[in-house]
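Visitor:
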Amino acid sequence: MPTALVEGLKERIFSSISMYQSLGVVIPGTNYNDIVRALFDCIREHPNDKWIYITITRPFDSFARLISDINAIPNVTFIDCISRASGIVKKDEKCVYIESPTMLEHIMIEAMNIFERLPPGSEKYLILDSLSALMIYNDPSLVTEFFYQLLNRARCENIRTISLVVEEGEEDRNINRLIYLNDKILKVRDTFI
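Whatever position you read off the sequence shown (first residue = 1), add 385 for my numbering.
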């Protein structure tokens with residue numbers, strides 16, 4: 386059963402991404418599972434929309450445990466950038482596995498290839514989870530270049546993007562600069578609702 390926090394997050398996220406091309410969501414680490422549940426509630430409630438969930442934060446299997454009906458949600462495809470780098474070798478029809486989160490160009494190519502195979506007229510959404518994790522594995526200048534290219538390509542292809550930043554302690558100047566490239570910023574606090 387969804388909590389008031391998850392319901393509130395879902396409402397704010399979908400109303401924001403409906404109005405803006407790109408949305409940056411800044412969350413404390415303690416609310417990470419809540420934001421994931423809210424995102425998947427949005428995905429479930431819009432079955433005709435097509436979603437790609439790029440995960441650098443957690444392996445696909447972790448999402449499968451958190452979202453028990455994940456295999457019954459036909460309109461989302463995962464790009465898992467962390468499993469293979471962690472030595473986990475699996476296959477799943479809902480997931481494309483990338484060898485490493487340092488393969489930024491490959492991540493972009495896989496996402497765009499998935500979107501190109503969709504029927505024309507589909508609403509398209511891309512979730513990047515998270516910029517914080519990308520910064521752990523890559524030089525900040527490479528992440529900046531990747532994120533600029535991703536946002537600009539998404540805008541050209543009419544793909545709406547949601548990029549997550551997980552706050553963990555002191556602010557990172559590089560991440561702050563990146564998150565503000567989005568059209569709208571949603572800052573989640575422990576006392577959000």
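The beta carbon of each residue, even a glycine, is placed where N, CA and C say it ideally should be.
Look at the Cβ atom of N460, then the Cβ atom of K479, and state whether they are nearer than 8 angstroms.
Guide: Here residue 460 refers to the residue found at position 75 of the sequence shown. Here residue 479 refers to the residue found at position 94 of the sequence shown. Contact flag unset, no.
Visitor: Would you call the segment 506-520 and the segment 547-564 touching, i.e. three or more CB-CB distances under 8 angstroms?
Guide: These segments touch.
Visitor: Which runs of the beta strand (DSSP E) at least 3 residues long sit entirely within the segment 432-475? Give them in chain order.
Guide: Runs found: 435-440, 461-465.
Visitor: For P413, which beta-bridge partners are listed by DSSP?
Guide: As a working note, residue 413 is residue 28 in the sequence shown. The partner list for P413 (beta bridge, DSSP) reads E552.
Visitor: Taking only the alpha-carbon atoms, compute the straight-line gap between K395 and S447 and give it to the nearest angstrom.
Guide: Within the sequence shown, the letter at position 10 stands for residue 395. Within the sequence shown, the letter at position 62 stands for residue 447. Those two C-alpha atoms are separated by around 20 angstroms.
Visitor: Tell me which residue opens and which closes the beta strand (DSSP E) that L581 is part of.
Guide: Residue 581 lies beyond the range of the chain shown here (386 to 578); nothing can be said about it.
Visitor: In terms of residue numbering, what span does the alpha helix (DSSP H) encompassing I398 cover?
Guide: Here residue 398 refers to the residue found at position 13 of the sequence shown. First-last of the alpha helix (DSSP H) with I398: 389-404.
Visitor: Are the segment 398-413 and the segment 493-501 in contact at 8 angstroms, needing three or more beta carbon pairs?
Guide: Because the criterion of three Cβ pairs below 8 angstroms is not met, the segment 398-413 and the segment 493-501 do not touch.
Visitor: Enumerate in chain order the residues of its own chain whose CB-to-CB distance from A423 is below 7 angstroms, with the five nearest sequence positions on each side excluded.
Guide: One-based indexing of the sequence shown puts residue 423 at position 38. V391, L394, K395, I398.
Visitor: Could you pull out every residue in the same chain whose Cβ sits closer than 8 angstroms to the Cβ of I564, ignoring the five residues on either side in sequence?
Guide: What you label residue 564 is simply residue 179 of the sequence shown in a count that begins at 1. Contacts found: G409, V411, L516, S548, V550, I570.
Visitor: Would D426 be called buried (16 or more neighbouring beta carbons within 10 Å of its own) or exposed?
Guide: The residue you call residue 426 lines up with position 41 of the sequence shown. By the neighbour-count rule (16 or more Cβ atoms within 10 Å), D426 is buried.
Visitor: Let's see if you can read the secondary structure: which residues bound the alpha helix (DSSP H) around S527?
Guide: Within the sequence shown, numbered from 1, the residue matching residue 527 stands at position 142. Contrary to the premise, residue 527 reads as Leu rather than Ser in this sequence. First-last of the alpha helix (DSSP H) with L527: 525-541.
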